[in-house]
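Using the numbering used here, you'd call the opening residue of the sequence shown number 1358 and step up by one each time. Yeah, the Cβ is synthetic: ideal placement off N, Cα and C, and Gly gets one too.
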Amino acid sequence: MVEPGGLITPVAGPPPRWTWLFGHGGGLYSRIGAVLTAGVVLLAPVLTPVVDHGGSTLFMVVAVYSLGALASLPGRWRVLEPDERAVLLGLLVLFLAPLASLVNADDLDSFLKTYERFARFLLIIPVYLMVRGLRLDLWPFLVAGCVLAGPVMAVVAWHDVEILRYPRALGAYHPIVFGDIAVLVSLFLLVWLAATRWSLWHALLVGSLPAALYAAVLTQTRGAWVTLALCLPIVAVAGVSRRGQRIAPVALAALLLSVALVWMAWPTLKHKYDDTLRNYQRWSEGEIAMNSLGNRIEMWKLSLDLWREHPVAGTGAGDFKSHIIEARKDDGAEFILDFDHAHSIYLHYLATTGLIGFIAMLFGLIILPIRFFIRAIGPPGSGAGEPQAWAGVVLVTAFALFGLTETWTVRSPLISLFAILLPVLMASAAGRRPLEDR
1358 MVEPGGLITP VAGPPPRWTW LFGHGGGLYS RIGAVLTAGV VLLAPVLTPV
1408 VDHGGSTLFM VVAVYSLGAL ASLPGRWRVL EPDERAVLLG LLVLFLAPLA
1458 SLVNADDLDS FLKTYERFAR FLLIIPVYLM VRGLRLDLWP FLVAGCVLAG
1508 PVMAVVAWHD VEILRYPRAL GAYHPIVFGD IAVLVSLFLL VWLAATRWSL
1558 WHALLVGSLP AALYAAVLTQ TRGAWVTLAL CLPIVAVAGV SRRGQRIAPV
1608 ALAALLLSVA LVWMAWPTLK HKYDDTLRNY QRWSEGEIAM NSLGNRIEMW
1658 KLSLDLWREH PVAGTGAGDF KSHIIEARKD DGAEFILDFD HAHSIYLHYL
1708 ATTGLIGFIA MLFGLIILPI RFFIRAIGPP GSGAGEPQAW AGVVLVTAFA
1758 LFGLTETWTV RSPLISLFAI LLPVLMASAA GRRPLEDR
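Here is the structure:
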C-alpha cells in the first residue's frame, strides 16, 4: 500500500532537494522510490551510451518499482494539473494507436517485437505518478550525471577511434546513438550554465562540456551536430530570461575550450561535410550501393509510397523490413542492409501506422510535452523559467530533431533514456510552479 504522505500536496515554494534523506515525504515506499529514482537519474547519462543494456536496465528498475504508485492511482491523478494529465493521456494514446495497424500487418512476430519497445512509453505514466508524488527536484542529479558522462564518453570515443581504430566512435551500440546522447548531455550542461546562478560547481563544465562535444565529434553523426546547432538558440533564450547571472568566467572558459575543440576537430567535420555532398551527388546520378545518404533518401521515398497505399492505418508496425526486402527483390533497389526502420520517426510512423499512429506520435512525443514545458517556463519577464523547464524544452526539441533522420523510437537505448528523462524533468518543473499558476 502506498502511504498518503507520498502524494502531492499544494505547498508553496519549490520542493525539497535533500531532506528526503532524513525521512521527508511520507513512508517507506516514497523514501525507497526517492533513493532509487535519484540513482537512476544520476547513472542514466553515464551508462546508457557506454554499457550494453545500461539504459534499458535502469529504466525497467524504476518502472517496475513505480507500479506500486498505481495502488493510489485515483488520489495521484486528482492532484495533477490539466497539462500533466494531457501528456500522460497522450502517451497512453501513443501506446494504443499502433494496434490499428494490425489490420494490415503481415508479420505478427515483428509487430510484437516492435510493440514491446512501445511499452516503454506506457510505463512513463506510472513512473511520472511516482516521481511527481515525491516532490523531489531531481535536476541536480541529472546535472551531476551529465558532468560525469562527458569525460566517460570522451574516453570511450578516444578508445574506439585511437586504440580500436574504428572509423567512428560507437560506444556500446552505434555511432548515431552515441552521438545523440553526447549532444544531449552537452545541451543539458549548457542549460545548467545559462539558466542557473553561478557557483563553484560550474567550474566542472570546463572539463565536462568539451569532453562531451569531443565524443560527439568522433561519432561523425550529422543529425546530432545539426540538433546541437538548432538547440543552441533555446539555450541562449534561457540565459537571457535568467538575466543577472554571474557566470562570465566559467562561460568564457567553456566557450574557449569548445572553440578550440571544434578547431582541432575541423578536419573530421569537413571530411563528413564533403562526404555528404559526394553521396548526394552519387545518389542524384543513380548510384545507391554503399551510399548511406542515398539509402536514406530511397527509404524515405519507399516510406511515402507505403503510406499512400495505406494512408489511415499504415502497413503494420514491424513490417518495414519485409517491404525493404520486397523492394530489393521486385524493383531491384540497392539498399545496403535490410533496415527495419525508415531512418525518420515521422516517415516511419506514416508508413507503418498511418495517420492514426503519426498523429498520436506528434501529440504524444512532441506537441503535448513541449506545451507543458513552455507553460512551466511562464510568460517573458515573469521571473519564471527554472532550468528544469528549459531542460525539458531542450529534451523534447532534441528528440524531435533526432527523429528527422533517425527512427529513435525503435532503438531501446534512446527510448529508455527519453522515458527516464521526460517524467523526471516534468515532475521537477511542475513541482516548482508558484501556487498562483496551479
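Subject >> Minimum C-alpha distance to leucine 1712 - residue among Ala1755, Ala1674, Leu1589 and Phe1729 >> reply: Numbered from its first residue, the sequence shown carries residue 1712 at position 355. Among Ala1755, Ala1674, Leu1589 and Phe1729, the Cα nearest to that of leucine 1712 is on Ala1674.
_Assigned secondary structure, tyrosine 1422 (DSSP; H/G/I helix, E/B strand, else coil)_ = One-based indexing of the sequence shown puts residue 1422 at position 65. Note: tyrosine 1422 maps to helix in three-state DSSP.
- Query: Starting from phenylalanine 1545 and walking both ways along the alpha helix (DSSP H), at which residues does that stretch end?
  - Reply: Reading the sequence shown from its first residue, position 188 is the one you call residue 1545. Here the alpha helix (DSSP H) through phenylalanine 1545 covers 1532-1552.
Review point. Is valine 1512 closer than 8 angstroms to alanine 1584 when the C-beta atoms are compared?
Key: Your numbering for residue 1584 matches position 227 in the sequence shown. Your numbering for residue 1512 matches position 155 in the sequence shown. Looking at the sequence itself, residue 1584 is threonine, so the reference to alanine does not match. For threonine 1584 and valine 1512, no; Cβs fall outside 8 angstroms.
In this structure, does DSSP put tyrosine 1523 in helix, strand or coil? Within the sequence shown, residue 1523 is the residue found at index 166, counting from 1. Reduced to three states, the DSSP call for tyrosine 1523 is coil.
*Going by the beta-carbon positions, is the gap between valine 1534 and proline 1406 smaller than 8 angstroms?*
Mapped onto the sequence shown, residue 1534 falls at position 177. Mapped onto the sequence shown, residue 1406 falls at position 49. Yes, Cβ-Cβ distance for valine 1534 and proline 1406 is below 8 angstroms.
Legend entry - DSSP state of glutamate 1763 mapped onto helix, strand, coil: Position 406 of the sequence shown, counted from the start, is the residue given in the question as residue 1763. Note: glutamate 1763 maps to coil in three-state DSSP.
In whole angstroms, give me the CA-to-CA distance for isoleucine 1389 and tryptophan 1664. Residue 1389 sits at position 32 when you count from the first residue of the sequence shown. Residue 1664 sits at position 307 when you count from the first residue of the sequence shown. Straight-line Cα distance between these residues: approximately 47 angstroms.
Serine 1556 - DSSP class collapsed to helix/strand/coil:
Translated into the one-based positions of the sequence shown, residue 1556 becomes position 199. Serine 1556: coil per DSSP, three-state reduction.
> alpha helix (DSSP H) containing isoleucine 1713: first to last residue?
Replying inline: Indexing the sequence shown from 1 puts residue 1713 at position 356. Where isoleucine 1713 is concerned, the enclosing alpha helix (DSSP H) stretches over 1702-1718.
Since I believe alanine 1395 is in contact with isoleucine 1777 (beta carbons under 8 angstroms), could you give me their beta-carbon distance rounded to a whole number of angstroms? If you number the sequence shown from 1, residue 1777 lands on position 420. If you number the sequence shown from 1, residue 1395 lands on position 38. Contact between isoleucine 1777 and alanine 1395 does not hold, since the beta-carbon distance rounds to 12 angstroms and is not under 8 angstroms.
Could you check whether the stretch 1441-1451 touches the stretch 1499-1506, counting it as contact only if at least three pairs of C-beta atoms, one from each stretch, sit closer than 8 angstroms? no
Could you check which residue in Leu1544, Ala1684, His1700 and Tyr1472 has the C-alpha nearest to that of tryptophan 1582? Mapped onto the sequence shown, residue 1582 falls at position 225. Of Leu1544, Ala1684, His1700 and Tyr1472, the residue nearest in Cα terms is Leu1544.
(message) Looking only at its chain, what residues have a beta carbon closer than 7 angstroms to the beta carbon of glycine 1740, apart from the 5 residues adjacent to it on each side?
(response) Working through the sequence shown from its first residue, we reach residue 1740 at position 383. Note on glycine 1740: pLDDT 44, under 50, position unreliable in the model; the coordinate value appears next. Once the five neighbours on either side are set aside, glycine 1740 has no close Cβ partner at all.
Open item on the list: If you follow the alpha helix (DSSP H) that serine 1387 is in, where does it begin and where does it stop?
Closed with: Taking the first residue of the sequence shown as 1, we reach residue 1387 at position 30. Under the DSSP assignment, serine 1387 falls in the alpha helix (DSSP H) whose first and last residues are 1385-1404.
#### Entry: Simplified DSSP assignment, three categories, for glycine 1490
Walking along the sequence shown from the start, residue 1490 turns up at place 133. The three-state reading of DSSP puts glycine 1490 in helix, counting H, G and I together.
Helix, strand or coil for phenylalanine 1775 per DSSP? Taking the first residue of the sequence shown as 1, we reach residue 1775 at position 418. In the structure shown, phenylalanine 1775 sits in a helix (DSSP, three-state: H, G or I).
(request) Look at the alpha carbon of aspartate 1409 and the alpha carbon of valine 1767, and state the distance between them as a whole number of angstroms. (result) Within the sequence shown, numbered from 1, the residue matching residue 1409 stands at position 52. Within the sequence shown, numbered from 1, the residue matching residue 1767 stands at position 410. Spanning the alpha carbons of aspartate 1409 and valine 1767 requires a straight line of approximately 16 angstroms.
Exposed or buried, what is glutamate 1519 when buried is set at 16 or more other beta-carbons lying within 10 Å of its beta-carbon?
Position 162 of the sequence shown, counted from the start, is the residue given in the question as residue 1519. Glutamate 1519 comes out exposed.
In the DSSP assignment, find the alpha helix (DSSP H) that holds proline 1439 and state where it starts and stops. Stepping through the sequence shown from its first residue, residue 1439 is reached at position 82. Where proline 1439 is concerned, the enclosing alpha helix (DSSP H) stretches over 1439-1453.
- [ ] Identify whether threonine 1578 lies in helix, strand or coil by the three-state DSSP scheme.
- [x] Residue mapping note: residue 1578 aligns to position 221 of the sequence shown, counting from 1. In the structure shown, threonine 1578 sits in coil (DSSP, three-state: anything other than H, G, I, E or B).
- Task: Specify whether the stretch 1756-1771 and the stretch 1521-1534 touch according to this definition: at least 3 beta carbon pairs, one from each stretch, less than 8 angstroms apart.
- Result: yes
Which class does phenylalanine 1670 belong to by DSSP, given the choice of helix, strand or coil?
-> Indexing the sequence shown from 1 puts residue 1670 at position 313. A small fix is needed here, since residue 1670 is alanine in this sequence, not phenylalanine. If DSSP states are grouped into helix, strand and coil, alanine 1670 belongs with coil.
Pairwise C-alpha distance: valine 1594 and tyrosine 1523:
Here the question's residue 1523 lines up with position 166 in the sequence shown. Here the question's residue 1594 lines up with position 237 in the sequence shown. About 38 angstroms.
### Message
Taking 7 angstroms as the cut-off, is the beta-carbon of arginine 1579 closer than that to any non-hydrogen atom of the ligand SAH?
### Response
The ligand SAH is not part of the structure shown, which contains no ligands of any sort.
query = By Cβ distance, which residues of its chain are closer than 7 angstroms to valine 1460, with the 5 residues on each side in sequence left out?
reply = As a working note, residue 1460 is residue 103 in the sequence shown. Ala1670.
* Asked: Can you list, in chain order, the residues of its chain whose CB lies under 6 angstroms from that of proline 1726, leaving out five sequence neighbours each side?
  -> Working through the sequence shown from its first residue, we reach residue 1726 at position 369. Here the set comprises Val1444 and Val1753.
By Cβ distance below 7 angstroms, which residues in the same chain neighbour alanine 1699 in space, the five residues on each side in sequence not counted?
-> Mapped onto the sequence shown, residue 1699 falls at position 342. Taking C-beta separations shorter than 7 angstroms and ignoring five residues to either side along the sequence, the partners of alanine 1699 in its chain run Met1656, Trp1657, Ser1660, Phe1677, His1705, Ala1708 and Thr1764, following chain order.
Requested in this report: Over the uninterrupted alpha helix (DSSP H) stretch that includes isoleucine 1734, give me the two end residues.
Outcome: Here the question's residue 1734 lines up with position 377 in the sequence shown. Run containing isoleucine 1734: 1725-1734, per the alpha helix (DSSP H) assignment.
Worksheet entry | Sub-8 angstroms separation of valine 1397 and leucine 1415 beta-carbons | Against the sequence shown, residue 1397 aligns to sequence position 40. Against the sequence shown, residue 1415 aligns to sequence position 58. Yes, they are a contact pair.
| aspartate 1463 to proline 1567, Cα distance in whole Å? | Within the sequence shown, the letter at position 106 stands for residue 1463. Within the sequence shown, the letter at position 210 stands for residue 1567. Rounded to whole angstroms, aspartate 1463 to proline 1567 spans 47 angstroms at the Cα level.
message = Which of the three DSSP states is assigned to glycine 1351 in this structure?
response = As displayed, the chain neither begins before 1358 nor continues past 1795, which places residue 1351 out of reach and without an answer.
* DSSP-derived helix/strand/coil call for glycine 1432 -> What you label residue 1432 is simply residue 75 of the sequence shown in a count that begins at 1. Helix, per DSSP.
- Item | Same chain only: Cβ atoms within 8 angstroms of glycine 1380, ignoring 5 sequence neighbours per side | Translated into the one-based positions of the sequence shown, residue 1380 becomes position 23. Here glycine 1380 scores only 40 on pLDDT, less than 50, and its place in the model should not be relied on; the value that follows carries that caveat. Closer than 8 angstroms at Cβ, skipping near neighbours: Arg1388.
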